[in-house]
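First up is the structure itself, then whatever we jot down about it.
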Amino acid sequence: MSVSVRPRAGRAPHAARVSLTRFAPTGADGSPLGLENSVTAGIISAKNRRLQVAKRMYEDIFQTDAAINPGNSGGPLINLNGEVVGLNAFIIQSSQCLGFAIGIDALKERLGQFVFT
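Using the numbering used here, count along the sequence shown one by one with no gaps and you end on 373.
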């Protein structure tokens with residue numbers, strides 16, 4: 257998985273601590289198929305998923321039914337307050353509406369060299 261950091265107008269705050277529950281409304285922000293600044297709505301379908309992608313194991317992953325298409329990956333998963341709660345990371349291409357996001361808390365732990373303010 258690779259993450260690209262691109263400057264955008266405005267700035268979405270990140271949630272101080274993520275306490276999402278199943279059925280929590282979320283939105284996947286990004287540019288699916290080149291359609292810039294698109295948001296798709298969904299819910300948190302499951303929490304704490306373990307997922308193996310390209311021989312690497314990821315833990316504490318959110319499962320969402322918000323449409324995550326090519327171009328949404330690497331974009332933020334946001335809550336109804338507009339706060340970033342995760343990073344849209346994976347989809348299962350043989351399914352519909354089966355997307356996965358890495359939670360902001362896990363990202364903060366993994367990316368300790370970056371400053372989250």
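For each residue, glycine too, the CB sits at the ideal point set by N, CA and C. All figures in this text were calculated on a predicted structure; none of them were measured in a lab.
Looking at C-beta atoms only, is the number of pairs between the region 273-286 and the region 329-339 that lie closer than 8 Å three or more?
yes
List in chain order: all unbroken beta strand (DSSP E) runs of 3+ residues lying wholly within the region 284-351.
Considered as a whole, the region 284-351 harbours 294-309, 312-320, 332-334 and 340-347 as its complete beta strand (DSSP E) runs of no fewer than 3 residues, in chain order.
Does the beta-carbon distance from residue 359 to residue 347 come in below 8 Å?
Taking the first residue of the sequence shown as position 1, residue 359 is located at position 103. Taking the first residue of the sequence shown as position 1, residue 347 is located at position 91. No, Cβ-Cβ distance for residue 359 and residue 347 is not below 8 Å.
What is the DSSP secondary structure of residue 357, counted as helix, strand or coil?
Position 101 of the sequence shown, counted from the start, is the residue given in the question as residue 357. Residue 357 falls in the strand class under three-state DSSP.
For residue 297, does the count of other Cβ atoms within 10 angstroms reach 16, so buried, or fall short, so exposed?
Walking along the sequence shown from the start, residue 297 turns up at place 41. So residue 297 ends up on the exposed side.
What number of angstroms, rounded off, separates the C-alpha of residue 353 from the C-alpha of residue 321?
In the sequence shown, counting from the first residue as 1, residue 353 sits at position 97. In the sequence shown, counting from the first residue as 1, residue 321 sits at position 65. Computed Cα separation, rounded: 5 Å.
Hey, how far is the Cα of residue 308 from the Cα of residue 314?
On the sequence shown, residue 308 is found 52 positions in, with the first residue counted as 1. On the sequence shown, residue 314 is found 58 positions in, with the first residue counted as 1. Approximately 6 Å between the Cα atoms of the pair.
Given that a residue counts as buried once 16 or more other Cβ atoms are within 10 Å of its Cβ, and exposed if not, what is residue 291?
Here residue 291 corresponds to residue number 35 of the sequence shown, with the count starting at 1. Burial call: exposed.
Rounded to the nearest angstrom, what separates residue 310 and residue 289 at their Cα positions?
On the sequence shown, residue 310 is found 54 positions in, with the first residue counted as 1. On the sequence shown, residue 289 is found 33 positions in, with the first residue counted as 1. Distance between the alpha carbons of residue 310 and residue 289: 23 Å.
Count the other C-beta atoms from every protein chain shown that fall within 10 angstroms of the C-beta of residue 328, then say buried if there are 16 or more, exposed otherwise.
Indexing the sequence shown from 1 puts residue 328 at position 72. Residue 328 is buried by the Cβ-count criterion.
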